[in-house]
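Structure, as structure tokens:
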Amino acid sequence: MKRRAWKRWLGAAAAMGMLGACSSVPLYGNPVTSGSRQPPSNFFEVDWWTPLVEPVTLEYGPRELATPAVDPDSGRVITLTRDGVIRCVAPGGTLEWSFKTSNRFTSGASVQDGIVYVPAGDGFLYALEVRTGKLKWKYEAGEALATVPVKAGALVLVASESDTLFAVNAATGAWAWQYRRDPPSGFTIHGASSPLVKDGTVYLGFSDGYLVALDVEAGTEKWEKALATGATQFLDVDSTPAIDEAGRLYVTSYQGGLYALDAATGDVQWNYAVSGLTSVLTAGEVVIASGDGRLDAYLGDTGRLLWSLNLGELAGRSPVLARGMILLANQRALLFVDPRTGKSRLAWNPGDGISAPPRVLGSSAYVLSNNGYLYALHLRGGGG
Numbered sequence: 001m002k003r004r005a006w007k008r009w010l011g012a013a014a015a016m017g018m019l020g021a022c023s024s025v026p027l028y029g030n031p032v033t034s035g036s037r038q039p040p041s042n043f044f045e046v047d048w049w050t051p052l053v054e055p056v057t058l059e060y061g062p063r064e065l066a067t068p069a070v071d072p073d074s075g076r077v078i079t080l081t082r083d084g085v086i087r088c089v090a091p092g093g094t095l096e097w098s099f100k101t102s103n104r105f106t107s108g109a110s111v112q113d114g115i116v117y118v119p120a121g122d123g124f125l126y127a128l129e130v131r132t133g134k135l136k137w138k139y140e141a142g143e144a145l146a147t148v149p150v151k152a153g154a155l156v157l158v159a160s161e162s163d164t165l166f167a168v169n170a171a172t173g174a175w176a177w178q179y180r181r182d183p184p185s186g187f188t189i190h191g192a193s194s195p196l197v198k199d200g201t202v203y204l205g206f207s208d209g210y211l212v213a214l215d216v217e218a219g220t221e222k223w224e225k226a227l228a229t230g231a232t233q234f235l236d237v238d239s240t241p242a243i244d245e246a247g248r249l250y251v252t253s254y255q256g257g258l259y260a261l262d263a264a265t266g267d268v269q270w271n272y273a274v275s276g277l278t279s280v281l282t283a284g285e286v287v288i289a290s291g292d293g294r295l296d297a298y299l300g301d302t303g304r305l306l307w308s309l310n311l312g313e314l315a316g317r318s319p320v321l322a323r324g325m326i327l328l329a330n331q332r333a334l335l336f337v338d339p340r341t342g343k344s345r346l347a348w349n350p351g352d353g354i355s356a357p358p359r360v361l362g363s364s365a366y367v368l369s370n371n372g373y374l375y376a377l378h379l380r381g382g383g384g
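Position 187 (the sequence shown) corresponds to 187 in UniProt numbering; numbering is contiguous.
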């Protein structure tokens, strides 16, 4: 049964365009570093690119951490960059407007019904009109915001680096409720769990090692579960939770590994104990997890490890499934990984690496590189 389930998922991936057995070669497409042409690739082509951030003299190790957001109606791309600027880029790469904030960003925006919600490092949640960039409202959280905002009915949910989940009115920016946990006394890792909303419940992890389920309307706690018992530091549950078609809730604990829980009660169904995992993704009956030095695939019903890709000293950010490929930013490049085997087929580095996970919409992927360039890729969905 387990093998048949795995084959069913692979068959669905093949229908979207499965990778072939191509050799892994570097690929460049930056007009500054490699000219206007790039070697041919069976995996993707660069539709357009545009520079966003002005180079800084002697800047060491630039990092862009915020995934681009895309307005599905107009195709406009919203970028949040290390210079504290919100930018709107039209299809084709033309800059339409910009909005300056006072600090850098660590997480991307979200777009809903023509409004872009921006989690800023300056402690504000901004709501801007996608078409014009006009400020609709801003909410002062007073804490650096660190997760992609999630719209849930009349509310927008966003979490801070200081373990507070804020719920504000999507129309006015008025405070609705908040839920806070005290950070642990030991060391924590950088990052925060984004809220998952499902059937009236918000699921969210915290740096004290707990996963919590809250009522989305009132913010009251339904249950909590400790996932890093026995540890004294790096307890973080920073992955965005995921739920599969069978109703299992998945989350990673930096110390405790990958967990599958009952979404209604928080009871643990299984646990694969491996340290360093920070992200999780469901794909049919398969669970994909990434973190320090590894990208893994597991069977969702039992937790059996199917394969593991060794990333060495690098850390994999949130994996994205697109047209039969796993796209993984690992700081140095964007990897194109075959989900059947876990082998990397291509590593694309347009200059200074890629830290932010790409945003995928249909056959397009939008990538913000560490050197501040925005790329629009057309995904071919096959190898050669």
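Think of the CB as a built atom: it goes at the ideal place given N, C-alpha and C, for glycine as much as any other residue. Source: prediction; values computed, not measured.
- With contacts defined by Cβ atoms closer than 8 Å, LEU281 and ILE288 form a contacting pair.
- Spatial neighbours of TRP97 in its own chain (CB-CB distance under 8 Å, excluding positions within 5 residues in sequence) are listed in chain order as ARG87, CYS88, THR132, GLY133.
- Measuring C-alpha to C-alpha distances from ALA146 to each of ASP182, LEU65, TRP175 identifies LEU65 as the nearest.
- For ASP199, the secondary structure class from DSSP, reduced to helix, strand or coil, is coil.
- In this structure, LEU165 lies near GLN178, with their beta-carbon atoms less than 8 Å apart.
- The bridge partners DSSP lists for LEU314 come to none.
- Boundaries of the beta strand (DSSP E) harbouring LYS222: 221-226, taken from the DSSP string.
- In terms of Cβ geometry, VAL337 and ILE354 do not form a close pair [threshold 8 Å].
- Going by beta carbons, ARG63 and ASN371 fall outside the 8 Å limit.
- In this structure, GLU129 keeps its C-beta atom at 8 Å or more from the C-beta atom of HIS378.
- For THR252, the uninterrupted beta strand (DSSP E) run begins and ends at 248-253, by DSSP.
- Secondary structure of ASN271 (DSSP, three-state): strand.
- Counting only runs of 3 or more residues that sit fully inside the stretch 123-191, the beta strand (DSSP E) segments are 124-129, 135-140, 150-152, 155-159, 164-169, 175-180, in chain order.
- Distance from the CA of LEU227 to the CA of TRP137, rounded to the nearest whole angstrom, comes to 37 Å.
- If you check the CB distance, PHE124 and ASP163 do not come in under 8 Å.
- Look at GLN112 here: in three-state DSSP terms it is strand.
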